[in-house]
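So the sequence shown is numbered by the working numbering: it starts at 67 and just counts up by one. The structure appears right after this line, and notes come after that.
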Amino acid sequence: MTDPAALAALSTLVDAGKVLTDPVSLQAYGTDWTRHYAPAPSAVVLPRTIEQVQAIVRWANRHQVALVPSGGRTGLSAAAVAAHGEVVVAFDQMNQILAFDAVDRTVVCQPGVITQQLQRCAEEHGLYYPVDFASSGSSQLGGNIGTNAGGIKVIRYGMTRNWVAGLKVVTGSGELLELNRGLMKNATGYDLRQLFIGAEGTLGFVVEATMRLERAPRNLTAMVLGTPDFDAIMPVLHAFQGQLDLTAFEFFSDKGLAHILARGDVPAPFATDCPFYALLEFEASTEDVANQALATFEHCVEQGWVLDGVMSQSETQLRNLWKLREYLSETISHFTPYKNDISVTVAKVPAFLREIDAVVAQHYPDFEVVWYGHIGDGNLHLNILKPGGMDKNEFFARCAQVNQWVFEIVQRFDGSISAEHGVGMTKRDYLHYSRSAEEIACMKAIKAVFDPNGIMNPGKIFAPE
Ligand code: S2G
Ligand code: ZN
């Protein structure tokens, strides 16, 4: 734990009352959405300015104190968990939208801006911030950048990194770097901005971001299609991609749907019970596009790939169809799920799914398995639900035993053991299934450049040396 004299010195660097050590704050700020580790920070500090962040980092270097970044605390790999007496640096005070430029279509944000706040700012200007996911109402932009958040629109708009036009970061040495400054074109050497996006706070803190916006989509329309099995989902994707510019292509299993319908606040999409469901979205910008979608639906039914389906006819119905997918994470969270967030290239999904599903059925016969995810970009969320009476740690240990088989298949398919949730602490012991020893050595060398004293979120991405 950090010694009292050092904490007293820390208090002089920020506004009065912005170093918290009470148990409630330590518990709340020291964790994220994972439940694998007990939060145990020694303090929480809430800077208001970039200069205060720099002073905190220089203080941490002087006192050899580890710093853990904390945004909306919605992370899913324990990247923002402080379990070893670190000092949490929380950006709740740096939550302002600083500027909007109509010509460049950019918004300058502080790291504590809530994702939904940025989405609404874009809408107010008739534009669109196209990175969206279930936790956007509480996640912060700094955390989205730290994990290169993906979500439900990646198939059309890409990940968070595609929308960062400029980044101000405070490195692990306390230096302020202003990266790319909002330029669309800038061929002046290494694009250091991209190193900090997805680095999970292990190189430095995001202290300001210039985010690009997109034109607003027109008449977004969703379809939910019931399929007879896993294998039918990808031909449906290809059939629709051949005719429409999809803005989303998601899937979920019948078990996932059952948990959603059990809530009682979301209507079933249609009467037919199906083993799997695809949710797709597109801009019905003209009547022709909507008719093309219906024609493609008919084609899929004729091919036996689809058993039943529905297309949204209103904004309300569009939102209700999305609830079937977007409510899954929060709905099953009551079952302390063991989560896998794996990805392969889209062409490999059918063979990959077959192998993973066989291994899961073999090793988890008595656990409920809920499949869902962004299958249109090759990203699958495999959630194993904890049986009611089972101890959490025993359950996680049972699930971790299967990781070896699951990740060996991921490795064989050149896939990723973490598609969008990051590595943090929950996946760091499996990093080698997706990154070579040479790559990991390069990443560690880069960390040494930006964080020479190893104070920036140690133990995340890489196990402690
Ligand atoms: C999703 C959210 C977190 C999870 O719903 O797409 O990324 O895996 C997830 O429940
Ligand atoms: Zn996801």
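Even glycine gets a Cβ: it sits at the ideal position worked out from N, Cα and C.
Less than 8 Å separating the beta-carbons of residue i and residue j?
| i | j | result |
| --- | --- | --- |
| residue 305 | residue 345 | no |
| residue 171 | residue 142 | no |
| residue 356 | residue 287 | yes |
| residue 526 | residue 481 | no |
| residue 124 | residue 240 | yes |
| residue 488 | residue 140 | no |
| residue 224 | residue 248 | no |
| residue 516 | residue 238 | yes |
| residue 116 | residue 273 | yes |
| residue 191 | residue 166 | yes |
For residue i, does the count of other Cβ atoms within 10 angstroms reach 16, so buried, or fall short, so exposed?
| i | result |
| --- | --- |
| residue 518 | exposed |
| residue 145 | buried |
| residue 89 | exposed |
| residue 530 | exposed |
| residue 523 | buried |
| residue 538 | As shown, the chain starts at 67 and ends at 531. That puts residue 538 outside it, with no answer to give. |
| residue 203 | exposed |
| residue 155 | buried |
| residue 69 | exposed |
Indicate, with yes or no, if ligand 2 has a heavy atom lying under 7 Å from the CB of residue i.
| i | result |
| --- | --- |
| residue 209 | no |
| residue 199 | yes |
| residue 396 | no |
| residue 447 | yes |
| residue 217 | yes |
| residue 347 | no |
| residue 486 | yes |
Cβ-heavy atom distance between residue i and ligand 1 below 7 Å?
| i | result |
| --- | --- |
| residue 407 | yes |
| residue 439 | yes |
| residue 142 | yes |
Which residues does DSSP list as the beta-bridge partners of residue i?
| i | result |
| --- | --- |
| residue 362 | Per DSSP, none; premise fails for residue 362. |
| residue 232 | 276 |
| residue 270 | 237 |
| residue 438 | 318, 447 |
| residue 406 | 448 |
| residue 374 | 292 |
Inter-stretch contact at 8 Å, needing at least 3 Cβ pairs: the region 254–272 / the region 288–303: no
Inter-stretch contact (C-beta, 8 Å, three-pair minimum) for the region 336–355 and the region 461–472: no
Given 8 Å, three or more beta-carbon pairs between the region 333–344 and the region 371–379: yes
Touch test, the region 494–506 against the region 99–112, Cβ-Cβ under 8 Å, three pairs minimum: no
Is the region 308–326 close to the region 212–226, with three or more CB pairs under 8 Å? yes
Using 8 Å as the threshold, is the region 451–470 in touch with the region 393–403, meaning 3 or more CB pairs across them? yes
Indicate whether the contact test is met: 3 or more Cβ pairs, each with one atom in the region 153–167 and one in the region 118–135, closer than 8 Å. yes
If contact is defined by three or more beta carbon pairs under 8 Å, each pair taking one atom from either stretch, is the region 266–286 in contact with the region 174–183? yes
Can at least three beta-carbon pairs, one atom from the region 427–443 and one from the region 319–332, be found at a separation below 8 Å? yes
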